[in-house]
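Data first, discussion second: the structure below is written as structure tokens.
In this note's numbering, the protein residues as written are 3 to 401.
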């Protein structure tokens, strides 16, 4: 009997299996802790580079913990923290740009709501709280992903899944003031609930997740596919509860903005005007990948795009060989489509990381290599994690 996704199996091997599982968790958390040190190293490199630039321009550089935190709450973190402090705008200017406060309407509410609530009881201010929330949720996500891999395959796969998830370059979002840690934790719990056909729980979790980030709508696809499978196999019509509830977070946020700003489709206008977001149907990702292979040192953005596309192809190859349940694949493929579709910010390590179920078949494929490639892969991921933080920290590419 395989262990369940939430609780250990009651069979006779449970005691020894649970002891090994506890050792596996410790290994995963140790990897996660070390990977967070690497994030700090990458951010520190960015701080040093910025200090050199400041001195070159005759300015006094910012140093110490303040400079490090400024890296970790930059880019999207800046906007989320604006929402924490000031809420959403009551009106959005015409021809809104990235450089005005009204642009914060583009950012979904769940993460800033959590940070604002905890800021009332946790000392240190919203920046410290935002980083602490993600640090804790990141550890929880890594363990839950390991539990999923254990249930779908085995303990060895679970161990490698947690290590890959910890060191994957896109995991920097678990330490920055970004909303992915919230989404990923909710998403893995939702997929677990779907696996056990806990339809109401899965639907509620999906509804919460779709209020976290735009690509949280992948949970709607997961719920829909899981429901179709349950109906086809067992005529379990109750499964429709999950997809019915799943989009309510997204719909609720759109309705809130409509009421709050007195403007229809406010979020879509901000995306279009401030971020110049359009759709290329994957053409941008292909072009940037080709640019990298034609001239590898021309652009950090092209390098990150190419690395993400190559990693995506390898992950899909592993998923074809070591199959996941259909609702896991539905979630992952939807995330990938949403990653490749935009004309501006396309394939990135953090978007690929959001398709986290694909880490599991990669870990399963590596389980059988007798550790021939394993040390090299971990080193490459660790170096990539440091490099990505450094690149984003000096604003050499958009995360």
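All C-beta atoms in this analysis are idealised placements derived from N, C-alpha and C, irrespective of residue type, glycine included.
Open item on the list: If I measure Cβ to Cβ from residue 65 and keep anything under 8 angstroms in the same chain, skipping five residues before and after, which residues do I get?
Closed with: 49 and 53
Open item on the list: Quick check: the Cα distance between residue 320 and residue 365, rounded to an integer number of angstroms?
Closed with: 9 angstroms
Open item on the list: Looking only at its chain, what residues have a beta carbon closer than 6 angstroms to the beta carbon of residue 161, apart from the 5 residues adjacent to it on each side?
Closed with: 26 and 29
Open item on the list: Please state the DSSP three-state secondary structure of residue 3.
Closed with: Bear in mind that the predicted position of residue 3 carries a pLDDT of just 39, short of 50, making it too unreliable to give a figure here.
- [ ] Enumerate, from N- to C-terminal direction, the unbroken alpha helix (DSSP H) stretches of 4 or more residues contained entirely within the segment 304-390.
- [x] 328-342, 351-356 and 361-369
TODO: Assign residue 39 to buried or exposed, taking buried as 16 or more other Cβ atoms, counted over all protein chains shown, within 10 Å of its Cβ.
DONE: exposed
- [ ] Rounded to whole angstroms, what's the CA-CA distance from residue 76 to residue 232? Just pull it up for me.
- [x] 43 angstroms
Task: Spatially closest choice to residue 202 from 131, 325 and 248, by CA coordinates - done: 248
Open item on the list: Can you give me the C-alpha to C-alpha distance between residue 96 and residue 90, rounded to a whole angstrom?
Closed with: 16 angstroms
Open item on the list: I need the DSSP call for residue 212, collapsed to helix, strand or coil.
Closed with: coil
Open item on the list: For a quick check, are the C-beta atoms of residue 184 and residue 100 less than 7 angstroms apart?
Closed with: no
Open item on the list: Between which residues of its own chain and residue 115 is the CB-CB distance below 8 angstroms, once the five residues before and five after are set aside?
Closed with: none
TODO: Check whether the Cβ atoms of residue 211 and residue 188 lie closer than 7 angstroms to each other.
DONE: yes
Task: Cβ contact (3+ pairs, closer than 8 angstroms) linking the segment 339-354 and the segment 133-140 - done: no
Open item on the list: Below 8 angstroms, how does it come out for the segment 301-317 and the segment 378-396: are there three or more Cβ pairs, yes or no?
Closed with: yes
Open item on the list: Please classify residue 273 as buried or exposed, where buried requires at least 16 other C-beta atoms within 10 Å of its C-beta.
Closed with: buried
Open item on the list: As a quick exercise: from 51, 262, 111 and 315, pick the residue whose alpha carbon is nearest that of residue 70.
Closed with: 51
Task: Residue range of the unbroken alpha helix (DSSP H) whose run includes residue 265 - done: Unbroken run through residue 265: none, as it is neither H nor E.
TODO: Tell me, please, whether the segment 276-286 touches the segment 254-266 by the rule of three or more beta-carbon pairs shorter than 8 angstroms.
DONE: no
Task: Proximity below 7 angstroms, CB of residue 144 to CB of residue 164 - done: yes
Open item on the list: Tell me which residues share the same chain as residue 255 and place their Cβ nearer than 7 angstroms to its Cβ, disregarding the 5 neighbours each side in the sequence.
Closed with: 110, 111 and 213
- [ ] With DSSP as the reference, label residue 99 as helix, strand or coil.
- [x] coil
Open item on the list: What does the alpha-carbon distance come out to for the pair residue 206 and residue 246?
Closed with: 10 angstroms
Open item on the list: Between which two residues does the alpha helix (DSSP H) holding residue 236 run?
Closed with: 220-236
Task: Integer Cβ distance of residue 220 from residue 340, believed to fall under 8 angstroms - done: 7 angstroms
Task: Start-to-end residues for the alpha helix (DSSP H) that takes in residue 67 - done: 66-74
Task: Sequence-distant residues of the same chain with beta carbon closer than 8 angstroms to residue 257, five excluded per side - done: none
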